[in-house]
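Q: Shown below is the structure under consideration.
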Amino acid sequence: MENILNEPIESYLNEKSKNFGGNELAGKFRNDFPSEIDKLLIDKTRYKTIGSPGKGNWTDCPWIAILDTLITETPQKGYYPVFLFKSDMTGVYLSLNQGVTDVIENYKRNAKDVLKLRAEDFRAKINYKSSEFLTKIKLESNTKNAKHYEAGNIIAKYYPSDNLPSSFDLKSDITKFLDLYENLAYSDNSFSDHTEKNHFETKQIRLHWRIERNTSLGNKVKKLKGYTCEACDMTFKEKYGVLGEKFIEAHHLKPISELGIGKFKVDLENDFAVLCSNCHSMIHKLEDPSDLNKLRKIIKTVHNNV
94 MENILNEPIE SYLNEKSKNF GGNELAGKFR NDFPSEIDKL LIDKTRYKTI GSPGKGNWTD
154 CPWIAILDTL ITETPQKGYY PVFLFKSDMT GVYLSLNQGV TDVIENYKRN AKDVLKLRAE
214 DFRAKINYKS SEFLTKIKLE SNTKNAKHYE AGNIIAKYYP SDNLPSSFDL KSDITKFLDL
274 YENLAYSDNS FSDHTEKNHF ETKQIRLHWR IERNTSLGNK VKKLKGYTCE ACDMTFKEKY
334 GVLGEKFIEA HHLKPISELG IGKFKVDLEN DFAVLCSNCH SMIHKLEDPS DLNKLRKIIK
394 TVHNNV
């Protein structure tokens with residue numbers, strides 16, 4: 094893993110003087126480096142790693158981001174852990190940072206101020222040791238993107254080029270950042286319902302709804318399990334013809350009480366069911382929305398009494 098950080102630091106400035114198109118190092122930023130970091134993640138279904146040496150031309154500060162697809166599927170918005178390389182390649186930050194593109198588009202000249210204010214707010218929502226993390230980063234670049242990354246930093250850890258972490262230490266640091274990342278996401282108090290629940294239960298409920306509403310996960314579940322309702326056996330194609338082809342809804346079966354913040358791992362085979370719209374609505378009316386067998390029994394009993 095040391096080589097993942099070491100190779101860009103050693104080679105980037107030299108490669109940056111060469112043509113961008115077809116460059117081997119640029120290709121590694123998009124493919125090889127993210128793939129190596131993927132190997133350190135416990136859940137390759139839930140997390141997506143993306144790297145960039147620039148778009149159409151070399152960037153001063155290349156990066157490799159780890160996205161929790163339950164929170165964001167694009168580095169242009171939201172927030173996520175990201176490796177940010179300094180422009181002079183004297184070191185690299187692991188930063189819990191913000192997607193700057195979306196903020197720039199919405200706030201124009203005030204984007205940096207907005208990013209700084211949001212970073213302060215986010216820091217107030219997570220429980221971290223101030224002695225362990227940096228709240229300011231310096232990328233040694235005057236480019237607009239670099240200045241916005243600096244403003245968007247929530248917390249960071251710095252690795253100087255002459256003291257890069259071992260694979261074990263880097264995996265440990267990534268795990269810490271992912272835990273803080275998830276806790277930040279489910280500490281978001283913009284949700285107004287479930288106020289009667291305690292803080293941890295509220296986080297679990299938010300996590301459940303993020304899982305269930307995630308389009309990417311839903312599509313993977315449908316591809317794996319097909320399009321026949323697992324409760325009533327109906328298919329939309331049988332009822333609606335071509336209009337209903339490949340239509341079904343994915344339901345997250347894992348009980349909300351068992352959702353561990355910082356510990357949830359996606360299990361497409363065992364933690365999801367595909368249901369028609371009616372059955373999906375009905376299972377949420379059960380005291381335990383994870384009890385697919387109970388819903389099946391209700392349907393069978395009603396049909397037998399007709």
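Using my numbering, read the sequence shown as starting at 94 and increasing by one per residue.
For each residue, glycine too, the CB sits at the ideal point set by N, CA and C.
Note that this is a predicted model, so its numbers are computed, not measured.
Opposite L160 in the DSSP bridges: which residues?
A: Looking at the DSSP assignment, L160 forms a beta bridge with K141.
Q: Assess contact between the segment 247 to 265 and the segment 185 to 192, defined as three or more Cβ pairs (one per stretch) separated by less than 8 Å. Is contact present?
A: Yes, they touch.
Q: Which of helix, strand or coil does DSSP assign to T288?
A: For T288, the pLDDT reaches just 43, beneath the cut-off of 50, and the residue's location in the model is therefore unreliable, although a value from the coordinates is still provided. If DSSP states are grouped into helix, strand and coil, T288 belongs with coil.
Q: How long is the line joining the alpha carbons of L379 and K269, rounded to whole angstroms?
A: Distance between the alpha carbons of L379 and K269: 36 Å.
Q: Look at the alpha carbon of K111 and the alpha carbon of N124, and state the distance between them as a whole number of angstroms.
A: Cα-Cα distance, rounded: 19 Å.
Q: I'd like to know whether the C-beta atoms of V193 and N238 end up nearer to each other than 8 Å.
A: Closer than 8 Å, so yes.
Q: Who pairs with F365 in a beta bridge, going by DSSP?
A: F365 is bridged to H345.
Q: Output the distance between the C-alpha atoms of D73 and L310, rounded to the nearest integer angstrom.
A: With the chain running from 94 to 399 in the structure shown, residue 73 is simply not present.
Q: Could you check whether S374 and K347 sit closer than 8 Å to each other, using their CB atoms as the reference points?
A: Taking 8 Å as the Cβ cut-off, K347 and S374 do not qualify as a contacting pair.
Q: Which residue wins for smallest C-alpha separation from N307, given the options P127, E342 and P258?
A: For N307, the nearest C-alpha among the options comes from E342.
Q: Using the beta-carbon count (16 or more within 10 Å), is D161 buried or exposed?
A: By the neighbour-count rule (16 or more Cβ atoms within 10 Å), D161 is buried.
Q: What first and last residue would you give for the beta strand (DSSP E) that runs through V185?
A: Per DSSP, V185 belongs to the beta strand (DSSP E) from G184 to Q191.
Q: Answer with yes or no whether the minimum CB distance from R216 to chain B is below 8 Å.
A: Among the chains of the structure shown, chain B does not appear; only one protein chain is present.
Q: How would you call A119, buried or exposed, if buried means at least 16 neighbouring beta carbons within 10 angstroms?
A: Label assigned to A119: buried.
Q: Assuming contact is defined by CB atoms lying nearer than 8 Å, are L361 and A324 in contact in what I supplied?
A: Cβ atoms of L361 and A324: not closer than 8 Å.
Q: For L210, which option in R303, G245, K240 and K229 has the closest C-alpha, if you only look at C-alpha atoms?
A: It is G245 whose Cα lies nearest to the Cα of L210.
Q: Select from D136, K121 and Q191 the residue whose C-alpha is nearest the C-alpha of G144.
A: Among D136, K121 and Q191, the Cα nearest to that of G144 is on K121.
Q: Could you give the distance in angstroms between the alpha-carbon of V335 and the alpha-carbon of Y279?
A: Their Cα atoms are separated by approximately 39 Å.
Q: Would you decide whether F261 is buried or exposed? Buried here means 16 or more other CB atoms lie within 10 Å of its CB.
A: Answer is exposed; the Cβ neighbour count stays below 16.
Q: Taking the alpha-carbon of E331 as reference, which of C369, E305 and N363 has the nearest alpha-carbon?
A: That would be C369, whose Cα lies nearest to the Cα of E331.
Q: Hey, how far is the Cα of N203 from the Cα of E243?
A: C-alpha separation (whole angstroms): 14 Å.
Q: Terminal residues of the continuous alpha helix (DSSP H) containing A249?
A: Segment I248 to P253 is the beta strand (DSSP E) holding A249; no alpha helix (DSSP H) there.
Q: So who's on the other strand from F178, going by DSSP bridges?
A: BP columns for F178 point to V185.
Q: For the alpha helix (DSSP H) containing V335, list its first residue and its last residue.
A: Taken as a continuous stretch (DSSP letters only), V335 belongs to no alpha helix (DSSP H), as it is neither H nor E.
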